[in-house]
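Visitor: Can you keep this structure in mind? I'll have questions shortly.
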Amino acid sequence: MESMAKKKPRPRRSFTPEFKAEMVELCRRGDRCVGQVAEDFDLTETAVRLWVGQAEVDAGERDGLTSGERQELAMLRREHRRLREDVEILKRATAFFAQETRCRCTRSSRRRSEAVTASNAPVNCLRSPEPPSTPAARAGPARGRSAMPS
């Protein structure tokens with residue numbers, strides 16, 4: 002059994018629009034076929050065929066998206082993806098804050114309604130307040146100073 006030698010993949014190359022237009026023109030003249038142009042300039046036949054096809058679309062000779070329309074479509078898809086992410090973030094924030102406001106009990110709401118008891122109070126209303134997390138907050142205001150900054 003012979004092992005097939007694998008070709009190393011070519012490094013990705015980029016070409017100027019002018020170079021692509023020149024290759025397309027060489028193919029359109031008719032004196033060389035796509036395969037011959039690709040071989041002469043060390044290009045892949047697929048790339049040259051794609052350039053020729055895109056040039057035909059841009060010239061209106063073939064159905065498809067023009068280069069400008071392709072750019073616009075790509076930009077609109079990026080914007081759409083970003084907006085969908087924004088909507089998802091806003092949905093999560095709305096749900097978070099809605100849950101937070103449902104669980105809060107304020108003194109004024111207690112006064113307006115019946116007295117809060119263990120049987121009718123939201124769960125968070127019966128919890129003790131969280132202790133302060135910083136040493137300064139635990140110590141409270143210094144003597145001789147007001148609690149509110151001036």
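Taking this note's numbering, I'd label the letters of the sequence shown as residues 2 to 151.
Every residue gets a Cβ at the ideal spot worked out from N, C-alpha and C, and that includes glycine.
So what does DSSP say about Arg79, is it helix, strand or coil?
Guide: Counting from 1 along the sequence shown, the entry for residue 79 is found at position 78. Helix, per DSSP.
Visitor: Starting from Lys21 and walking both ways along the alpha helix (DSSP H), at which residues does that stretch end?
Guide: Residue numbering aside, residue 21 sits at position 20 when the sequence shown is read from its first letter. Start and end: Pro18 to Arg30.
Visitor: If you follow the alpha helix (DSSP H) that Gly65 is part of, which residue opens it and which one closes it?
Guide: Numbered from its first residue, the sequence shown carries residue 65 at position 64. Unbroken run through Gly65: none, as it is neither H nor E.
Visitor: Assuming Val38 and Leu51 make a contact with CB atoms under 8 Å, what is their CB distance in whole Å?
Guide: For the purposes of this step, residue 38 is taken as residue 37 along the sequence shown, with counting starting at 1. For the purposes of this step, residue 51 is taken as residue 50 along the sequence shown, with counting starting at 1. With 8 Å as the limit, Val38 and Leu51 do not qualify as a contact, their Cβ atoms being about 13 Å apart.
Visitor: Are Val35 and Val49 close, meaning C-beta to C-beta below 8 Å?
Guide: For this step, residue 35 is matched to residue 34 along the sequence shown. For this step, residue 49 is matched to residue 48 along the sequence shown. Against a cut-off of 8 Å, the Cβ pair of Val49 and Val35 comes out as a contact.
Visitor: So, using beta-carbon positions, are Val53 and Val88 closer together than 8 Å?
Guide: Walking along the sequence shown from the start, residue 53 turns up at place 52. Walking along the sequence shown from the start, residue 88 turns up at place 87. Going by C-beta atoms, Val53 is not nearer than 8 Å to Val88.
Visitor: What is the C-beta distance between Leu66 and Leu77, in whole angstroms, given that I count them as a contact (C-beta under 8 Å)?
Guide: In the sequence shown, counting from the first residue as 1, residue 66 sits at position 65. In the sequence shown, counting from the first residue as 1, residue 77 sits at position 76. That belief does not hold up - the Cβ atoms of Leu66 and Leu77 are roughly 12 Å apart, past 8 Å.
Visitor: Note down, in chain order, each residue of its chain lying with its Cβ closer than 7 Å to the Cβ of Thr45, except the 5 sequence neighbours on either side.
Guide: Indexing the sequence shown from 1 puts residue 45 at position 44. Once the five neighbours on either side are set aside, the close Cβ partners of Thr45 are Ala39.
Visitor: Less than 8 Å between C-beta atoms, sequence neighbours within five positions excluded: which residues of the same chain meet that for Arg63?
Guide: Looking up residue 63 in the sequence shown gives position 62. Cβ within range, chain order: Gly54 and Glu57.
Visitor: Can you name, in chain order, every residue of its own chain whose Cβ lies under 7 Å from the Cβ of Ser68, other than the five neighbours on each side?
Guide: Translated into positions along the sequence shown, residue 68 becomes position 67. Excluding residues within five positions, the ones whose Cβ falls inside 7 Å are Gln55 and Asp59.
Visitor: Distance, Cα to Cα, Gln100 vs Thr17?
Guide: Position 99 of the sequence shown, counted from the start, is the residue given in the question as residue 100. Position 16 of the sequence shown, counted from the start, is the residue given in the question as residue 17. Those two C-alpha atoms are separated by around 56 Å.
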